[in-house]
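Visitor: This is the structure I have questions about; it appears just below.
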């Protein structure tokens, strides 16, 4: 029970306490990549601790999940008449776990389906760029640019954007979108969205779904700024229309005036941040938050008798 309580405290600390702390951190906009590591570490640590709780309950003394296959075949009579509280606890944990997995899987599948439908629909209205292998052009006067993860031509740029953006600004926008694709930001957002739907009662997961998109946009801005200059990226963003990105996609212009203003202020007023020590500390902290519950769970399972 002490171990179970310890894992529960880790879930509460990371799943409920980490979100408000990270949300208020003034450093996150200065070092968005480090902030992304911190958020993902908190989420992964909470998930690892929750999985550890399930493992402890299901492999513990008189637990229904103790070597489930063997229990189903051989252990029923051994456990018959045992502590019904363990049976009830196992049933509750199993039910909650299956419900969360179902909700997350359903949300994840829905996002993937929406993304695929959007990409299929695009094929009827876009044309391949003759100069860029990973870009397709949407004939529309409104200047927009976004990426939809796909094997071929994942970046969509409107003809309005091509007309209004200077060459350097277009390169900055493409560098921004390629950064999203190269670092698989869409995967992170899709997973976080699914987890937030399944674990909406944990504030960190709700906060992550709201705050990670802005941090990922700032990360892509920073990568593009290294190649094309901060002022060039800011000028390009000002020319792009604010439009909602498709499900699972990421738009350079963003979908919120407030967030776009924050990004522009960061590009135009904040000097490039290069605090390597903070980044290293953030990565170590994120790794530790995941490793601790995993090691605790592994130690418990290895010490659990293999037979009923």
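In the UniProt record's numbering, the protein residues as written are 1 to 308.
Don't be surprised by glycine CBs; every beta carbon is placed ideally from N, CA and C.
Between 5, 168 and 15, which lies nearest to residue 203 when the distance is taken from Cα to Cα?
Guide: 15
Visitor: Could you have a look at residue 117 and say whether DSSP puts it in helix, strand or coil?
Guide: helix
Visitor: Give the C-beta separation of residue 169 and residue 239 to the nearest angstrom, bearing in mind that I take them to be a contact with Cβ-Cβ under 8 Å.
Guide: 7 Å
Visitor: Decide if residue 119 is buried, meaning its Cβ has at least 16 other Cβ atoms within 10 Å, or exposed.
Guide: buried
Visitor: Straight-line CA distance for residue 157 to residue 288?
Guide: 41 Å
Visitor: When you compare each of 146, 20 and 103 to residue 185 by their alpha carbons, which one comes out closest?
Guide: Minimum Cα-Cα distance from residue 185 among the listed residues 146, 20 and 103 corresponds to 146.
Visitor: Output needed for residue 7: all residues of its chain with C-beta closer than 7 Å, excluding positions within five of it in sequence on either side, in chain order.
Guide: 49, 52, 53, 56, 293 and 296
Visitor: Please work out which residues of its chain come closer than 8 Å, Cβ to Cβ, to residue 93, disregarding the five sequence neighbours upstream and downstream, and give them in chain order.
Guide: Excluding positions up to five away in sequence, the list reads 53, 54, 57 and 58.
Visitor: Go ahead and pull the three-state DSSP assignment for residue 309.
Guide: No answer is possible for residue 309: it lies beyond the span of the chain, which begins at 1 and ends at 308.
Visitor: Hey, residue 225 and residue 144 are a contact pair by Cβ (cut 8 Å); roughly how many whole angstroms apart?
Guide: In this structure, residue 225 and residue 144 do not form a Cβ contact; the two beta carbons are roughly 20 Å apart against a cut-off of 8 Å.
Visitor: Which of the three DSSP states is assigned to residue 51 in this structure?
Guide: helix
Visitor: Assign residue 141 to buried or exposed, taking buried as 16 or more other Cβ atoms, counted over all protein chains shown, within 10 Å of its Cβ.
Guide: exposed
Visitor: Among 234, 213, 91 and 253, which one has its Cα closest to the Cα of residue 40?
Guide: Taking each of 234, 213, 91 and 253 in turn and checking the Cα distance to residue 40, the smallest one comes out for 213.
Visitor: Grab the span of the alpha helix (DSSP H) containing residue 208 for me, first residue to last.
Guide: 203-228
Visitor: On the three-state DSSP scale, how would you describe residue 152?
Guide: The three-state secondary structure of residue 152, taken from DSSP, is coil.
Visitor: In this structure, how does DSSP classify residue 30 when only helix, strand and coil are distinguished?
Guide: coil
Visitor: Going by C-alpha to C-alpha distance, which of 191, 218 and 188 sits closest to residue 175?
Guide: 218
Visitor: Where does the unbroken beta strand (DSSP E) through residue 145 begin, and where does it stop?
Guide: Residue 145: member of the beta strand (DSSP E) spanning 145-147, first to last residue.
Visitor: Note the first and the last residue of the continuous beta strand (DSSP E) segment covering residue 128.
Guide: 126-128
Visitor: Three or more beta-carbon pairs under 8 Å between the region 190-197 and the region 120-139, yes or no?
Guide: no
Visitor: With DSSP as the reference, please indicate the residues paired to residue 251 in a beta bridge.
Guide: 146
Visitor: Please identify the residue among 148, 228 and 230 whose C-alpha is closest to the C-alpha of residue 190.
Guide: 148
Visitor: Given that a residue counts as buried once 16 or more other Cβ atoms are within 10 Å of its Cβ, and exposed if not, what is residue 210?
Guide: exposed
Visitor: Hey, out of 30, 25 and 23, whose CA is closest to residue 264's CA?
Guide: 30
Visitor: On the DSSP letters alone, give me the boundaries of the alpha helix (DSSP H) that residue 240 sits inside.
Guide: No alpha helix (DSSP H) contains residue 240, which DSSP labels as neither H nor E.
Visitor: Just the C-alpha distance for residue 109 and residue 101, rounded to the nearest angstrom, thanks.
Guide: 12 Å
Visitor: Cα separation between residue 260 and residue 253?
Guide: Rounded to the nearest angstrom, the two C-alpha atoms are 7 Å apart.
Visitor: For residue 11, count neighbouring Cβ atoms within 10 angstroms of its own Cβ and tell me buried if that reaches 16, exposed if not.
Guide: buried
Visitor: Closest to residue 117 by CA distance: which of 138, 257, 97 and 150 is it?
Guide: 150
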